[in-house]
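What follows is a short report on a single structure.
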Amino acid sequence: MGTSTSPVEGSSTTVEGSASAPPRERIAILGGGMASLTAAFALTDTPALRERHELTVYQDGWLLGGKGASVRRMGSRARIEEHGLHIWLGYYENAFTLLKRCYEELGRPPGAPMATLRDAFLKHSAIVIEEQTGRGWEPWSVNFQEDDDWPGDGRPLPTFVESLRRSVRQVIEYVRTFWGEIRGRRAEVDDAVGQVQRLLEGAVAPGAPLLLGAVARAVGDGLRALLARLGDAARRDVEVEPRLRRLWVVLNFFGSILVGALRDGLIGPNADFEALDEVEFGDWLRRHGASETTLSSGLVKAFYHLAFCDGDGAGAGLALLGMLRMFTCYRGAVFYKMRAGMGETVFSPLYEVLRRRGVRFEFFHRVRRLELSADRRRLERIVVGRQATPRSGEYHPLVEVGGIPCWPDAPLHDQLVEGEALARSGADLASFWCDWPDVERRTLRRGADFDRVILGISLGALPFIASELIEASPRWQRMVEHVKTVRTVSMQLWLSEPVGRLAMSSRAPVVGAFRRPLETWADMTHLAPVEGWEAGDGVKGVLYACGQLGSGDDPVSPRDPRAEDLAELERIALDFLEKDMGHIWPAGADPGRGGLRWEALFDPEGRAGPERLRAQYLRVNASPSDRYVLSVAGSQKHRIAPGDAGFEGLVLAGDWTRTGYDLGCIEAATMSGLQAARALGAPVTILGEVPRRREAPRIELPRYVDRPGEMALRSPYVLEDVWMTALALRARPGALRALLDRYLNTPARGHVRYIPAAPLVVLAASFSERAFSGDPEHRRVGTMPEADIAFWVPAWALGRGRFGGIPERLVWFLPHVFVSTGAAAAAGREVYGFPKSVVDVELRRAGRALDHLSITGEVIPRFSPETRAGRGRILEISRREVEAAPPRSIAEVLGELTGSFGQPPSWSTSIARRLAANEVTFVFLKQFRDAEHTDRACYQAIIEATARVQALRGHGRLPGALRVAWGDHDSHPFEADLGLEPGGQEALAAAWVDFDFVLEPGREVFRAASRPGTPAG
């Protein structure tokens, strides 16, 4: 297979928008790992989002991918060199969904290498778990069921209860299969196994009710007693019979999980997994009946090795969720091996697609320091070191190997001004300890170079680049203290002989729970054809190994430890290959001494004995950002969520953040990136998101000081003898979406999302004889008449969590409101956030029918320094008689409009039903401009408030044709904001209503961080 070292040129970069478009928000993304690239993907996922955001990714060195980066060793037949053994689990629904969409957008032609997601991954279901018993190491082969399904289509994951039931069914099937082979030896063991099996079958029988409260605890206690009885009866046989030992481990392990779920209330609606994270997983299992035999088994050890936390432990809640998802939520296969390196399988496609979308990539930019504003409230500056200078202004990082765009093992020096010097020095620009001097120090400044920042650099590096933030925030101090990271190691072996059987399995298995630190092994021979080997080279097999080195308490070395670390790993590898390789790879072992036959290692230089190890690839991941992030017990509560960094303008991304699924894996990184994008206003769907308790901030509100003449009276507000006319106007859906994004979704930072319910707005003109405060103290102030004219935009508030894309409630957003009194304006603005302004109102009506309405107020025709504001007509409604026509109901109008909106008929029915209810919910953006930082809000929140009808005296349709006209004023952009016709348009339908109502106190749906002296702790 040939290789090419010429850079792969991406499609020409296009940036949507035009010179007349509003300025795009500049987002600086620091770090190019999976979470950062996921956030970039979500923030550029539609043309509208690309018009809104301008993204730049700053990455040190020449590689994207973070802990998942891989390279091709161009001087060694372009072989793949990884950070470690990267295998995706079959429940990584968010990661697979994102990557599937990426491949579809990439659009590689049919027949091209790795053209689709299914071309890029290989299903794998053969696992061998190693167990150390009194007889030595014993392989336990497990083959998971495979089917034709694939992850990546965005289907929701099963709930915890569904997963628990699936696991119990799997255990029952396992018992039926294996117990049938060994039963009949001892009657008491047979009886205990039978009772456990019957209890489990009853718990998951079709139609079986959920076990809650005292009943659940009683069943859990009974199951624990049965398991204890079985353990006592079978103890002697378990020690000598491997099949019975494994049956006991499976029953005891999953039985203890079920006992714990029943006794700790995890099956009911109020399950609290976060509380479980305070307890170490093994201790939790022990508390609920797990034996020491089970806890020391390969089944449990395999989890600790998978999460690199052997010795450090893991929070029970996360471990429980992770194991159940692994065993019961996978689609197609439990594991997926990549058909090439992770760099070209994942990060090359993401880079190419993002570059096409207009995302800028600034390679060779190392973040040196994050700096806060003087008041320590916001991220003000980013100090970066530019390591090298692309000759053309843009660096093109990819090379082709066999038609696949890949990342080379060194920068493409011919593209760099400093390329020759870099090549001579051998400097590794991707290393934390690289001593290559920066060719330039740049300071990126808020407002000039960026508006907001996504910090996607991993936790281990934060003390070195974010010391100001850590010093300013007790929360950040607790995070870097309690969330641990650990070094990992990997070894890749190229073989001159076929692997054949690995740990007694011929199915190219993944082998786990072996001796640390090379505890996990995999036959990766399928990668040899995509590397650059020639037929005569003689490479016939590939083995990968990885594991954990040390513990989470090991500090990051202040000096460069790479030479010492590599020497230590070489000693470990030589010892392992000499002593233990015969167990892992029997065909490669010397029959006499049991160690590796060194000639079985491929070495193009033909060295002898242990020297052949020099032709292989060994790696220690000790750099701060390369260290694996642990989930030790008690640490989850100290993580910080992507949208809750505590500093204005800063969003976090990475598997070290608080996502609700706080495990170190590609899925957690993807979820964090999606949450970061949501915090910046992008609409995202996150599958399997686990709600986490968030401690409500203590808000000690000062007492409001009533001042004469303000009239900002207390709610609720009562309005009596209200006569209202409502006109339905057709509106452009795109304008309504942009309106809701601008005034609600972007300020809400993804915590809540609103979408247009129909392509219309309602112009409502209401006149109340008596408006007054319903608060007992302020009721004594008195009443006043009030005229209120407003545009109402119907919107759906979308639910969050598993059903995050489903409309949850109908709300009305009022972007333009005009009132007749200062009291109405003051109360509306200060209490709820109504954007009210005071106008003069002229009204004529004939009985119930509105004949004419005109509002006049302060207008600015065109925004310019020379323009002088004056009074002018803002809006006018006029009615004319027309020939009688079949009256149109609001429901009919809604049906027509929502059909053109691409929505099902059920939408119009649902909206009409809510309109007919005796209450409506309003949504507002309530904010006050800061006195010092006048481009900022000292208070900003999304408020919802409900108005309830108290008395309904009559309603009906209005006859005739009503036309609404508006002036052409920059100060009142009805056409642009609402998607209306220039100058005016005729109403689709009109109605009147005579009623009384109460506007109740509002509630904060979302509140932006308030202005403390320092960030909240």
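Numbering (the working numbering), first residue to last: 14 to 1030. Yeah, the Cβ is synthetic: ideal placement off N, Cα and C, and Gly gets one too.
- Nearest in C-alpha terms to Ala516, of all of Thr683, Gln649, Trp598, Ser570, is Trp598.
- For Leu776, the enclosing beta strand (DSSP E) starts and ends at 773-786.
- Annotation: the continuous beta strand (DSSP E) that includes Trp534 extends over 533-536.
- Linking Tyr343 to Leu693 through their CA atoms gives a straight-line distance of about 31 Å.
- Rounded to whole angstroms, the Cβ separation of Ser361 and Glu95 is 14 Å, and the two are not in contact under 8 Å.
- Leu938 places its beta carbon less than 8 Å from that of Gly846.
- The C-alpha of Thr456 is placed about 10 Å away from the C-alpha of Glu393.
- Scanning Leu275, Lys350, Gly302, Glu1013 for the CA closest to the CA of Trp261 turns up Gly302.
- With fewer than three CB-CB distances shorter than 8 Å, the stretch 789-798 does not count as touching the stretch 968-986.
- Counting the other CB atoms within 10 Å of its CB gives Glu484 a total below 16, which places it among the exposed residues.
- Taken in chain order, the complete alpha helix (DSSP H) segments of 4 or more residues contained in the stretch 88-129 are 106-119.
- Look at Lys849 here: in three-state DSSP terms it is strand.
- Here the C-alpha atom of Val703 lies approximately 14 Å from the C-alpha atom of Asp668.
- Counted as a single uninterrupted DSSP element, the beta strand (DSSP E) harbouring Leu631 occupies residues 630-634.
- The stretch 522-541 makes contact with the stretch 549-569; the number of CB pairs closer than 8 Å reaches 3 or more.
- In this chain, Val735 is not harboured by any alpha helix (DSSP H); it is covered by the beta strand (DSSP E) spanning 730-743.
- If you compare the alpha carbons of Pro60, Glu889, Leu77 with that of Pro424, the shortest gap goes to Leu77.
- As the crow flies, the alpha-carbon of Arg572 is around 16 Å from that of Ala440.
- Taking the CA atoms as reference points, Phe374 sits about 10 Å from Pro410.
- Taking Gly647 as reference, the option from Glu494, Trp150, Met684 with the minimal CA-CA separation is Glu494.
- Straight-line spacing of the CA atoms in Val359 and Lys350 works out to 12 Å.
- Rounded to whole angstroms, Ala1003 and Asp388 show a C-alpha spacing of 53 Å.
- When secondary structure is reduced to three states using DSSP, Ser503 falls in the strand class.
- Taking every protein chain shown into account, the CB of Pro450 has fewer than 16 other CB atoms within 10 angstroms, so this residue is exposed.
- Contact annotation, Gly525 with Glu106: C-beta distance approximately 23 Å; criterion of less than 8 Å not satisfied.
- Here the C-alpha atom of Ala689 lies approximately 41 Å from the C-alpha atom of Met724.
- Scanning Ser786, Asp639, Asp160, Glu305 for the CA closest to the CA of Ala82 turns up Asp639.
- In the three-state reduction of the DSSP assignment, Arg39 falls in the strand class.
- Per DSSP, the beta bridge partners of Cys419 are Val412.
- Using a Cβ distance threshold of 8 Å, Tyr71 and Leu98 do not count as a contacting pair.
- If only uninterrupted beta strand (DSSP E) runs of at least 3 residues are considered, those enclosed by the stretch 456-515 are 465-468, 498-508.
- In the DSSP assignment, Gln561 is bridged to Thr501.
- Residue state for Leu435 is assigned as helix, using DSSP reduced to three classes.
- In the three-state reduction of the DSSP assignment, Trp261 falls in the helix class, which pools H, G and I.
- Shown here, Ala1000 sits in coil according to DSSP, grouped into three states, outside any helix or strand.
- Under the 10 Å beta carbon count, Gln649 is surrounded by 16 or more other beta carbons and is classified as buried.
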